[in-house]
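Working notes, structure below.
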């Protein structure tokens with residue numbers, strides 16, 4: 003079974019731009035969660051989508067948004083990029099139950115200049 | 014408010030010895046705990062988990078201990094191997110206040126270095 007894939011793997015943007023990241027979950031998984039990883043903050047939860055609906059949301063500003071398509075693929079969008087948005091963005095997929103193991107993709111490394 | 018804390022940013026041990034990684038939590042509603050391992054340039058991978066109804070779970074060289082009264086869990090790796098060198102994240106799961114959605118909260122991670 004193919005793992006979680008994320009595209010692109012690396013991105014360089016400038017302040018004020020917007021960016022869209024993509025995540026394809028493991029086949030059959032209906033839940034996709036997004037995380038931001040920075041050296042000082044570890045893994046911080048952004049939001050979770052389940053069956054095309056946002057089911058959970060972390061404490062991030064509205065510049066961070068996402069969506070999920072009928073095939074469970076998910077996109078995350080960050081508008082009006084700030085320098086502090088530079089991070090590794092990880093997505094994880096599960097079947098959708100609370101005790102499921104989350105399977106992570108390799109991440110997208112976003113650098114904002 | 015950091016609900017899951019890994020107070021040691023790094024740990025260094027000798028090959029063959031025991032590695033003990035610690036994690037403290039504050040939310041008594043957490044009912045499921047997991048450890049993930051992360052190598053550079055890769056996403057975290059699941060290592061081992063424990064339900065709050067247990068106090069120990071073992072899988073090969075990896076054992077997780079849960080002390081609910083102290084709100085503390087630990088991961089023991091015995092014997093440690095150089096390939097275990099990675100960042101280890103502790104995570105805890107709980108349903109939200111509405112009781113309908115669960116959320117996974119991660120610690121900041123501990124970098125384990127196993128020296129040959």
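Protein chains in written order, with my numbering: chain A, 3 to 115; chain B, 14 to 129. Idealized CB from N, CA, C, for every residue including glycine.
Kindly indicate which three-state DSSP category residue i falls into: helix, strand or coil?
i, result
"residue 83/A", "coil"
"residue 37/B", "strand"
"residue 44/A", "strand"
"residue 72/B", "strand"
"residue 96/B", "helix"
"residue 47/B", "strand"
"residue 68/A", "strand"
"residue 114/A", "strand"
"residue 18/B", "strand"
"residue 99/A", "coil"
"residue 31/B", "coil"
"residue 53/A", "coil"
"residue 34/A", "strand"
"residue 83/B", "coil"
"residue 67/B", "coil"
"residue 121/B", "coil"
"residue 61/A", "coil"
"residue 91/B", "coil"
"residue 61/B", "strand"
"residue 39/A", "strand"
For residue i, which residues from the same chain have a beta carbon less than 6 Å from its beta carbon, with the 5 sequence-adjacent residues on both sides left out?
i, result
"residue 88/B", "34, 48, 77"
"residue 68/B", "79"
"residue 43/B", "105, 107"
"residue 67/A", "79"
"residue 15/A", "21, 83, 114"
"residue 85/B", "37"
"residue 58/B", "50"
Under 7 Å Cβ to Cβ from residue i, same chain only, skipping five residues before and after it: list those, please.
i, result
"residue 84/A", "17, 114"
"residue 60/B", "48, 49, 50, 75"
Rounded C-beta distance between residue i and residue j? I'm assuming under 8 Å.
i, j, result
"residue 112/A", "residue 95/A", "Not a contact, Cβ separation roughly 20 Å."
"residue 51/B", "residue 100/B", "5 Å"
"residue 123/B", "residue 22/B", "6 Å"
"residue 38/B", "residue 64/B", "With a Cβ gap of about 14 Å, residue 38/B and residue 64/B do not count as contacting."
"residue 60/A", "residue 46/A", "6 Å"
"residue 56/B", "residue 109/A", "5 Å"
"residue 91/A", "residue 38/A", "6 Å"
Leaving out five residues before and five after residue i in sequence, what residues of the same chain have Cβ atoms less than 8 Å from its Cβ?
i, result
"residue 117/B", "47, 104, 105, 106"
"residue 55/A", "70"
Problem - Segment contact, 8 Å Cβ cut-off, at least three pairs: the stretch 55–74 of chain B with the stretch 28–41 of chain B - result: no
Practice task
Kindly confirm or deny that the stretch 70–77 of chain A and the stretch 25–35 of chain A touch, where touching means at least three C-beta pairs closer than 8 Å.
Solution key: yes
Problem - the stretch 94–111 of chain A / the stretch 15–24 of chain B touching (three or more Cβ pairs under 8 Å) - result: no
Practice task
Taking 8 Å as the threshold, find out whether the stretch 4–19 of chain A comes into contact with the stretch 47–57 of chain A through three or more Cβ pairs.
Solution key: no
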